[in-house]
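>
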Amino acid sequence: MVSKILVIDDEPGVCFAFEKFLKAEGHSPLICANAEDALTRIAAQPPDLIITDLRLPGMSGMDLLEKLKSEGRDIPVIMITAHGTMKAAVQAMRLGAYEYLVKPIDLDEAKIHIDRALETSRKNREMEKLQQELTDLYGTPAAPAAPAQAAAPPTIIGKTAAMQEVYKKIGAVSMSDVTVIIHGESGTGKELVARAIHFNSARKNGPFEPINCASLPETLLESELYGHEKGAFTGALRQKRGKVEIANGGTVFLDEIGDIPTTIQVKLLRFLEEKKFTRVGGNEHLTANVRILAATNQSLEEKIRNGAFREDLYYRLNVVAIHLPPLRERRADLPLLVAHFLSRHEGQEITGEATEMLLRYDWPGN
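Per our numbering, numbering through the sequence shown is continuous, rising by one, with the last residue being 369.
And the structure:
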């Protein structure tokens, strides 16, 4: 299927280069010199992807992006500019830009982002279709279309605004390798979110290795992470590979990251910076290509103030934060959750009275 890509730039040379390049890639490019004309085209025939300059005559590319988001148009937008300031880049990404590229454009690099953006666009359309099917099935108002990442294995149920924000974050971080901390009370589904990020990333065919940092003593936790050599400690009868080695090419999920001892925090920081580690009892420096996702039900900022958590490690881990709401703050999702679990048991139904009782419950432990 040919993808329609709208290019908005007031420089004829840039438009010509993109038009020629996109045609050669098998796409159907549409060219506009300003945002006002682009909005008319978008209203008449929404494209699969928009590539727009930041600075345009009249309405800017940033204003265009903001307007599209306010209208609920879930079209990926790649922002391009000759003035690559951090402020503009941060603002564009906060407004929901898919990517931010600085001129002169490297077309080989642009192709990578264009291909990924078109895949996101395709998944968004699939999610819209799924949302409509759910609406037809349950008779609930259609929720704003979440990125397709929300439907990835494992299934995450929820249509409230708070969960839509979680879905958007999952979609945003899945296409990169940034470290993420998932914040939430026990039982809110932090590992589900971590798995959703993994299964929608470029690492989805690699291993996903979870570790509960609160359940192991210091020596065993270090061994679980990095492995150990034979004879490293009592009971180490043979060499063992750790999670970071096993998960090479995939993802390691560190649950309850706030509970790791300070000595291991130092080694984790080094691994995040250098991707190098040493097995317990060993001398050889090994490398592993893994992504680190972490989760906590504690305030790491408070632990930093108390000297129990390293501030440099916190900032290395907390590149992106995802906050999961407790069930009591998203009660509107309860009917969907009930329907999901009842679907596993043919012929089972729930009465209105029981539903009302569930809605009134505070759900300690989620």
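Glycine residues also receive a C-beta, built at the ideal position from the N, C-alpha and C atoms.
On a CA-only basis, which of Lys-26, Ala-357 and Val-176 is nearest Arg-206? Give me that one, please.
Within the sequence shown, numbered from 1, the residue matching residue 206 stands at position 203. Out of Lys-26, Ala-357 and Val-176, Val-176 has the C-alpha closest to the C-alpha of Arg-206.
> Under a Cβ-count criterion, where at least 16 other Cβ atoms within 10 Å of its own Cβ denotes burial, should Thr-265 be classed as buried or exposed?
Position 262 of the sequence shown, counted from the start, is the residue given in the question as residue 265. It is exposed - the Cβ of Thr-265 has fewer than 16 other Cβ atoms within 10 Å.
> Whole angstroms are fine: how far does the CA of Glu-248 sit from the CA of Ile-45?
One-based indexing of the sequence shown puts residue 45 at position 42. One-based indexing of the sequence shown puts residue 248 at position 245. For Ile-45 and Glu-248, the distance between alpha carbons rounds to 48 Å.
> Specify the secondary structure class of Val-169 as computed by DSSP and reduced to three states.
Counting from 1 along the sequence shown, the entry for residue 169 is found at position 166. Val-169 falls in the helix class under three-state DSSP.
> Using only the alpha-carbon positions, how far apart do Gly-245 and Ile-81 sit?
Working through the sequence shown from its first residue, we reach residue 245 at position 242. Working through the sequence shown from its first residue, we reach residue 81 at position 78. When rounded, the distance between both Cα atoms is 39 Å.
> Going by C-alpha distance, which of Asp-111, Leu-240, Pro-49 and Ile-263 is nearest Ser-124?
The count along the sequence shown starts at 1 and reaches residue 124 at position 121. Cα-wise, what sits closest to Ser-124 is Pro-49.
> Apart from the five residues on each side of it in sequence, which residues of its chain come closer than 8 Å, Cβ to Cβ, to Val-323?
What you label residue 323 is simply residue 320 of the sequence shown in a count that begins at 1. Taken in chain order, the residues that qualify are Lys-172, Ala-175, Val-176, Val-181, Thr-182, Val-183 and Ile-184.
> Of all the options Met-166, Val-255, Ala-235 and Cys-216, which has the alpha carbon lying nearest to the alpha carbon of Gly-209?
Taking the first residue of the sequence shown as position 1, residue 209 is located at position 206. It is Val-255.
> Would DSSP call Ile-260 helix, strand or coil?
Looking up residue 260 in the sequence shown gives position 257. Residue state, collapsed to three classes: helix.
> For the stretch 58-91, list the alpha helix (DSSP H) runs that are entirely contained and at least 4 residues long, ordered along the chain.
Listed in chain order, the complete alpha helix (DSSP H) runs (minimum 4 residues) inside the stretch 58-91 are 64-73.
> Strictly by DSSP, which residues pair up with Cys-35?
Taking the sequence shown and counting its residues from 1, one reaches residue 35 at position 32. Answer is Ile-11.
> Note down the Cα distance separating Thr-281 from Glu-287, rounded to an integer number of angstroms.
As a first step, residue 281 is located in the sequence shown; it is residue number 278 there, counting from the start. As a first step, residue 287 is located in the sequence shown; it is residue number 284 there, counting from the start. So the alpha carbons of these two residues sit roughly 6 Å apart.
> Going by Cα to Cα distance, which pick from Ala-250, Cys-18, Val-169 and Thr-191 is closest to Pro-107?
One-based indexing of the sequence shown puts residue 107 at position 104. Minimum Cα distance to Pro-107 is reached at Cys-18.
> Can you pull the DSSP bridge partners for Val-255?
Taking the first residue of the sequence shown as position 1, residue 255 is located at position 252. In DSSP, Val-255 forms a bridge with Glu-212 and Ile-295.
> For Ile-83, count neighbouring C-beta atoms within 10 Å of its own C-beta (all shown protein chains included) and say buried if the count is 16 or more, exposed if not.
Here residue 83 refers to the residue found at position 80 of the sequence shown. Burial call: buried.
> Decide if Ala-153 is buried, meaning its Cβ has at least 16 other Cβ atoms within 10 Å, or exposed.
Start at 1 with the first residue of the sequence shown, and residue 153 comes out as number 150. In this prediction, Ala-153 has a pLDDT of 33, which is less than 50 and means its spatial position is unreliable; nothing more can be read from the coordinates.
> In terms of alpha-carbon separation, which member of Gly-230, Glu-221, Pro-79 and Ser-346 lies closest to Ile-263?
Your numbering for residue 263 matches position 260 in the sequence shown. For the residues Gly-230, Glu-221, Pro-79 and Ser-346, the minimum Cα distance to Ile-263 belongs to Glu-221.
> By Cβ distance below 6 Å, which residues in the same chain neighbour Ile-54 in space, the five residues on each side in sequence not counted?
Residue 54 sits at position 51 when you count from the first residue of the sequence shown. Answer for Ile-54: Val-10 and Ile-81, listed in chain order.
> Rounded to whole angstroms, what is the Cα-Cα separation between Val-1 and Glu-69?
This structure gives no information on residue 1, because the portion of the chain shown stretches from 4 to 369.
> Rounding to the nearest angstrom, what Cα-Cα distance links Lys-23 and Gly-29 in this structure?
In the sequence shown, counting from the first residue as 1, residue 23 sits at position 20. In the sequence shown, counting from the first residue as 1, residue 29 sits at position 26. Whole-angstrom Cα-Cα distance: 10 Å.
> Return the CA-CA distance between Glu-102 and Ala-85, expressed in angstroms with no decimal places.
The residue you call residue 102 lines up with position 99 of the sequence shown. The residue you call residue 85 lines up with position 82 of the sequence shown. Rounded to the nearest angstrom, the two C-alpha atoms are 14 Å apart.
> If we call anything under 7 Å between Cβ atoms a contact, is Ala-95 one with Leu-52?
As a working note, residue 95 is residue 92 in the sequence shown. As a working note, residue 52 is residue 49 in the sequence shown. No, these two residues do not count as a Cβ contact at 7 Å.
> Could you work out which residue in Lys-278, Leu-345, Ile-307 and Phe-202 is closest to Asn-292 when comparing CA atoms only?
As a first step, residue 292 must be located in the sequence shown, where it is residue number 289. Checking every option, the nearest Cα to that of Asn-292 belongs to Lys-278.
> Would the beta-carbon of Leu-257 fall within 7 Å of that of Ile-307?
Within the sequence shown, numbered from 1, the residue matching residue 257 stands at position 254. Within the sequence shown, numbered from 1, the residue matching residue 307 stands at position 304. For Leu-257 and Ile-307, no; Cβs fall outside 7 Å.
> Rounded to whole angstroms, what is the Cα-Cα separation between Met-360 and Ala-335?
Numbered from 1 along the sequence shown, position 357 holds the residue referred to as residue 360. Numbered from 1 along the sequence shown, position 332 holds the residue referred to as residue 335. Near 13 Å, if we compare the C-alpha coordinates of Ala-335 and Met-360.
> In this structure, does DSSP put Ala-230 in helix, strand or coil?
In the sequence shown, counting from the first residue as 1, residue 230 sits at position 227. Residue identity differs from the one stated: residue 230 is Gly in this sequence, not Ala. Of the three classes helix, strand and coil, the one that applies to Gly-230 here is strand, per DSSP.
> Is Cys-216 closer than 7 Å to Glu-168 when the C-beta atoms are compared?
For the purposes of this step, residue 168 is taken as residue 165 along the sequence shown, with counting starting at 1. For the purposes of this step, residue 216 is taken as residue 213 along the sequence shown, with counting starting at 1. No, the pair does not count as a contact, with Cβ atoms beyond the cut-off.
> Taking the alpha helix (DSSP H) that Leu-104 belongs to, which residues open and close that run?
Counted from its first residue, the sequence shown places residue 104 at position 101. Careful: Leu-104 lies outside any alpha helix (DSSP H), inside the beta strand (DSSP E) at 102-105.
> Using 8 Å for Cβ pairs, my map puts Asn-37 next to Pro-15. What's the rounded Cβ distance?
Counting from 1 along the sequence shown, the entry for residue 37 is found at position 34. Counting from 1 along the sequence shown, the entry for residue 15 is found at position 12. With 8 Å as the limit, Asn-37 and Pro-15 do not qualify as a contact, their Cβ atoms being about 13 Å apart.
> Indicate the three-state DSSP secondary structure (helix, strand or coil) for Ala-148 in the structure shown.
Reading the sequence shown from its first residue, position 145 is the one you call residue 148. With a pLDDT of only 40 at Ala-148, under the threshold of 50, the placement of this residue in the model should not be trusted; the figure read from the coordinates follows. Of the three classes helix, strand and coil, the one that applies to Ala-148 here is coil, per DSSP.
> Could you name the residues that DSSP lists as bridge partners for Lys-162?
For this step, residue 162 is matched to residue 159 along the sequence shown. Answer by DSSP bridge pairing: none, since Lys-162 is not bridged.
> Roughly how far, in whole angstroms, is the beta-carbon of Leu-67 from the beta-carbon of Ala-100, given that I think they are within contact range, below 8 Å?
Within the sequence shown, numbered from 1, the residue matching residue 67 stands at position 64. Within the sequence shown, numbered from 1, the residue matching residue 100 stands at position 97. 11 Å between Cβ atoms; not a contact.
> Taking all protein chains shown into account, decide if Tyr-170 is buried (16 or more other Cβ within 10 angstroms of its Cβ) or exposed.
Locating residue 170 in the sequence shown gives position 167, counting from the first residue. Looking at its Cβ environment, which holds 16 or more other Cβ atoms inside 10 Å, Tyr-170 is buried.
> Beta-carbon within less than 8 Å of Arg-333's beta-carbon, same chain only, minus the 5 sequence neighbours each way: which residues are those?
For this step, residue 333 is matched to residue 330 along the sequence shown. Closer than 8 Å at Cβ, skipping near neighbours: Gly-161, Thr-163, Ala-165 and Met-166.
> For Tyr-141, count neighbouring C-beta atoms within 10 Å of its own C-beta (all shown protein chains included) and say buried if the count is 16 or more, exposed if not.
Sequence index remark: in the sequence shown, residue 141 carries index 138 (1-based). Residue placement at Tyr-141 is poorly supported in this model, since its pLDDT is 49, which falls under 50; the coordinates still yield a value, given next. Exposed: under 16 other Cβ atoms inside 10 Å.
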